[in-house]
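Numbering (the numbering used here), first residue to last: 197 to 659. To start, the structure itself, in structure tokens.
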């Protein structure tokens with residue numbers, strides 16, 4: 197990359213950090229707390245640590261203490277967040293007017309990494325435009341085109357496993373889903389470029405909650421983990437912009453089916469997307485579509501590997517082409533082990549939810565963690581039961597909410613489920629899986645993962 201190009205990318209990175217700085221207290225409207233549901237009285241820092249870092253104990257503890265709707269105050273700026281696990285409130289939030297229920301403001305903490313053009317941090321007309329541009333890349337027709345690539349990558353990955361040797365399913369699923377994203381979304385096949393991208397993506401995904409909270413304090417970006425995160429982001433930007441530049445000149449651009457090539461070919465009101473827009477869309481799809489799917493797959497292998505009956509049922513599904521059951525395994529994994537804790541929306545005007553008038557500036561958050569573990573929604577919630585997602589009465593989209601809901605429902609939900617089916621089919625067609633030890637959840641960045649990596653051993657299926 198020439199010096200002038202390097203300077204251009206550095207400017208793009210610097211401007212992103214400047215434009216996506218999380219709001220400070222003076223940037224946020226004051227919230228009238230008079231009519232808010234009760235909640236803990238600890239300082240914002242302690243509540244933030246509880247909700248972000250120790251969520252699996254802290255948040256259920258708040259429900260036991262305050263009921264299924266309660267208020268917390270989170271950094272940055274002591275933001276007021278009303279957390280709910282009531283399906284009726286979730287339905288009202290997902291069906292609410294996007295002009296009133298802003299998701300981008302609630303996701304602002306992700307802005308420095310995702311970028312100001314990310315569909316996750318935009319609201320209003322800008323969000324509607326970004327979603328419209330991305331939707332064709334995740335249509336049913338597009339998914340059918342991606343399936344063969346996913347299946348081939350899954351076959352290569354599973355063929356590399358050593359029978360009888362214990363390994364961490366999370367590590368292998370992270371490696372596999374990263375390859376899927378780099379091939380399907382980025383369209384990268386050059387091994388040298390792939391080798392450069394992999395470690396940068398890994399370091400970006402593994403950002404700690406402390407670093408995310410620190411974006412609201414710019415001086416921190418010059419020291420310790422914040423400085424390293426900035427340096428990683430700059431390096432990732434250089435590779436992505438180089439790939440964009442080369443792809444624009446590719447002689448086969450018109451025939452390529454990867455998401456980057458589709459976005460480069462797009463014209464919106466006669467204009468092509470700029471490097472910054474392309475970069476932000478790619479990083480959003482990379483981070484949103486990589487770790488969530490990998491973690492759910494790791495948990496799926498671990499849970500099936502704990503129960504010989506589940507293993508036999510999964511083996512039969514893979515052999516007979518019962519994709520519905522394989523998909524149900526994935527969905528139940530997302531239900532029992534939520535990767536994300538909650539969905540967030542910020543109210544742009546006073547709004548009544550669940551019979552309570554909430555003031556402008558309040559962030560409302562349907563809790564994935566609490567909804568998925570509520571016995572009223574899922575009998576015997578601690579059990580792994582894929583049959584919940586088969587038959588005539590699957591869980592509603594107000595109780596099973598790993599992909600959010602409404603007009604903000606994750607664009608990649610169908611892709612993620614297609615990918616999971618291909619991976620599980622490949623695994624269970626060749627191996628019986630045996631779980632090793634006990635696993636619990638731990639927080640990594642904003643996601644929850646198996647604390648020991650979902651350790652498994654595989655043995656070839658005889659006959």
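Glycine included, each C-beta is placed from N, C-alpha and C at the ideal position.
Quick one: what does DSSP say residue 334 is sitting in, helix, strand or coil?
helix
Taking 8 Å as the cut-off, does the stretch 528–542 touch the stretch 488–496 (at least 3 CB pairs, one atom from each stretch)?
yes
Decide if residue 548 is buried, meaning its Cβ has at least 16 other Cβ atoms within 10 Å, or exposed.
exposed
Rounded straight-line distance, which links the Cα of residue 302 to that of residue 192
The requested residue 192 does not occur in the structure, where the chain is confined to residues 197 to 659.
Taking C-alpha atoms, which residue in 278, 271 and 274 lies nearest to residue 255?
278
For residue 343, which option in 542, 370, 376 and 390 has the closest C-alpha, if you only look at C-alpha atoms?
376
Sort out for me which residues DSSP pairs residue 630 with in a bridge.
653
8 Å CB neighbourhood of residue 550 in its chain, flanking five on each side removed:
265, 280, 282, 284, 285 and 288
Assumed close pair residue 522, residue 621 - CB separation to whole angstroms, cut-off 8 Å
6 Å
Where do the ends of the alpha helix (DSSP H) carrying residue 554 lie?
Run containing residue 554: none in the alpha helix (DSSP H); it sits in the beta strand (DSSP E), 552–554.
Please state if the CB of residue 484 and the CB of residue 316 are separated by a distance shorter than 8 Å.
yes
Check the C-beta distance from residue 401 over to residue 486 and give it rounded, since I have them as a contact under 8 Å.
7 Å
What residues in its chain sit with their C-beta under 7 Å from that of residue 291, if we drop five residues either side in the sequence?
602
Within 10 angstroms of its Cβ, does residue 238 collect 16 or more other Cβ (buried), or is it exposed?
exposed
Mark residue 611 as exposed unless 16 or more other C-beta atoms lie within 10 angstroms of its C-beta, in which case mark it buried.
buried
For residue 387 and residue 199, the rounded distance between their alpha carbons
The predicted model places residue 199 with a pLDDT of 47, which falls under 50 and marks its position as unreliable; any figure quoted below should be read in that light. When rounded, the distance between both Cα atoms is 24 Å.
In the DSSP assignment, what residue or residues form a beta bridge with residue 467?
464
At least three beta-carbon pairs within less than 8 Å, the stretch 361–372 to the stretch 494–508:
yes
Thinking C-beta only, is residue 425 closer than 8 Å to residue 407?
yes
Using the Cα positions of residue 245 and residue 271, report the straight-line distance between them to the nearest angstrom.
9 Å
For residue 553 versus residue 560, is the C-beta spacing smaller than 8 Å?
no
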